[in-house]
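> My questions will all concern the structure given below.
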Amino acid sequence: MGDIDANIKDNYLSIEAPCEGLFKDQGSRFIALGYPVKTEQQVKDIVSSLRKEYHDARHHCYAYRLGYKADVFRSSDDGEPSGSAGRPILGQIESAGLSDILIVVVRYFGGIKLGIPGLIRAYKSSTADAIASAKIVTLTATRRFRLDFGYLSMNDVMKLVKDMGLEVLSQDFAMECSMEVAVRLSKAESFIQKATDISACSLTEL
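Using my numbering, count along the sequence shown one by one with no gaps and you end on 252.
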């Protein structure tokens with residue numbers, strides 16, 4: 047436990063796999079589709095794909111949060127009255143304490159206007175239904191490093207990796223040895239110190 051910096055919070059909640067929710071009101075259908083995502087490019091690709099798949103829907107409203115601090119976020123009303131769609135979706139994501147998640151709510155208009163309170167309820171309820179159906183998982187934020195070392199240092203490197211429980215992303219034991227590892231944020235400073243103490247070993251953050 048001494049290798050962990052207790053002041054650094056690196057665990058956060060997300061969803062394991064795509065999920066779906068549904069809410070109906072006055073003939074309108076609100077289909078909420080949730081996805082685990084890591085980047086804004088993934089968000090753009092998924093939203094674009096859903097616009098094509100549900101091309102006959104009236105609106106494709108969405109919200110997302112990214113990162114272990116959940117400090118990257120955005121919502122879109124996609125033509126619904128301002129604040130009646132994207133913000134309620136985002137509010138449900140925040141209430142559940144989730145990040146690295148995108149939820150798109152596809153609306154099929156039923157011919158009767160719901161009013162802003164009705165829209166807020168519909169987008170909140172469909173999103174909550176999707177989140178309730180999802181498997182929530184704990185993710186750990188990491189930093190990636192590459193270790194370059196000689197064969198004489200291999201035992202020390204392998205011991206460090208084992209002792210700190212690091213995830214090995216790739217390794218190459220050719221003329222010179224290299225290894226890429228993922229280190230959780232709360233262990234990163236301890237790892238850097240221990241790695242730089244190994245002779246004939248260089249460390250690069252990726």
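We treat Cβ as the ideally placed atom computed from N, Cα and C, and that holds for glycine.
As the structure is a computational prediction, the values presented were derived from the model and not from experiment.
#1: Determine the direct distance from the alpha carbon of Arg120 to that of Asn256, and round the result to whole angstroms.
#2: Cα separation between Lys233 and Leu198?
#3: In this structure, how does DSSP classify Ser60 when only helix, strand and coil are distinguished?
#4: Buried or exposed: His101, going by 16 or more other Cβ atoms within 10 Å of its Cβ?
#5: From the DSSP output, in three-state form, read off Leu77 for me.
#6: Which whole runs of the alpha helix (DSSP H) in the segment 158-206 are 4 residues long or more, in chain order?
#7: Which two residues bound the contiguous beta strand (DSSP E) that contains Gln217?
#8: Could you tell me how far apart the beta carbons of Ser248 and Asp194 are, in whole angstroms, since I believe they sit closer than 8 Å?
#9: Do you know whose CA, among Asp218, Leu185, Ser74, Leu160, lies nearest Arg192's CA?
#10: Near Leu231, which residues of its chain fall below 6 Å by C-beta distance, leaving aside the five closest residues on each side in sequence?
#11: Are the beta-carbon atoms of Gly80 and Ser172 separated by less than 8 Å?
#12: Between the Cα of Gly161 and those of Cys65, Ala131, Leu148, Leu185, spot the shortest distance and give me the residue it belongs to.
#13: Please name the residue in Asp146, Asn201, Tyr169, Gly156 whose C-alpha comes closest to that of Ile182.
#14: Looking at the structure shown, is Met47 part of a helix, part of a strand, or coil, going by DSSP?
#15: Among residues of its own chain, excluding the 5 on either side of Thr184, which ones have a beta-carbon nearer than 7 Å to its beta-carbon?
#16: Considering only residues of the same chain and omitting the five flanking positions on each side of Phe69, which have a CB-CB separation below 6 Å?
#17: Using three-state DSSP, classify Pro82 as helix, strand or coil.
#18: Can you check DSSP and say which residues form a bridge with Ala109?
#19: Check each candidate in Ser224, Phe237, Ser236 and name the one with the smallest Cα separation from Ala246.
#20: Is it right to say Gly48 is buried, meaning 16 or more other beta carbons lie within 10 angstroms of its own, or is it exposed?
#21: At a cut of 8 Å, does the segment 92-112 reach the segment 137-145 through at least three beta carbon pairs?
In short:
#1: The requested residue 256 is not part of the displayed model; the chain covers only 47 to 252.
#2: CA-to-CA, the gap between Lys233 and Leu198 works out to about 25 Å.
#3: Three-state result, Ser60: strand.
#4: That one is exposed.
#5: Correcting the residue type first, residue 77 is Ile in the shown sequence and not Leu. Reduced to three states, the DSSP call for Ile77 is strand.
#6: If only complete runs of 4 or more residues are kept, the segment 158-206 shows the alpha helix (DSSP H) at 161-179, in order along the chain.
#7: Gln217 -> beta strand (DSSP E) spans 213-219.
#8: About 5 Å separates the Cβ atoms of Ser248 and Asp194, confirming a contact at the 8 Å cut-off.
#9: Each of Asp218, Leu185, Ser74, Leu160 was checked against the Cα of Arg192, and the nearest Cα belongs to Asp218.
#10: If the five residues before and after Leu231 are omitted, its C-beta is found closer than 6 Å to the C-beta atoms of Ile54, Asp56, Ala187, all from its own chain and listed in chain order.
#11: Result no, Cβ atoms of Gly80 and Ser172 do not sit closer than 8 Å.
#12: The option with the nearest alpha carbon to Gly161 is Ala131.
#13: Taking only the C-alpha atoms, the option nearest Ile182 is Asp146.
#14: Residue confidence is low: Met47 scores 42 on pLDDT, short of 50, so the model does not pin down where it sits. No coordinate-derived value is stated.
#15: If we look at Thr184 and ignore the five residues flanking it on each side, its Cβ neighbours are Asn57, Leu59.
#16: Within the same chain, Phe69 has close Cβ partners Phe76, Ala168, Ser171, Ser172.
#17: The answer is strand: DSSP assigns Pro82 an E or B state.
#18: DSSP output for Ala109 lists Ser121, Ile149 as bridge partner(s).
#19: Comparing Cα positions, the closest option is Ser224.
#20: Residue placement at Gly48 is flagged as unreliable, the pLDDT there being 47, under the threshold of 50; a coordinate-derived value is accordingly withheld.
#21: With a cut-off of 8 Å, the segment 137-145 and the segment 92-112 count as touching, because enough Cβ pairs lie within range.
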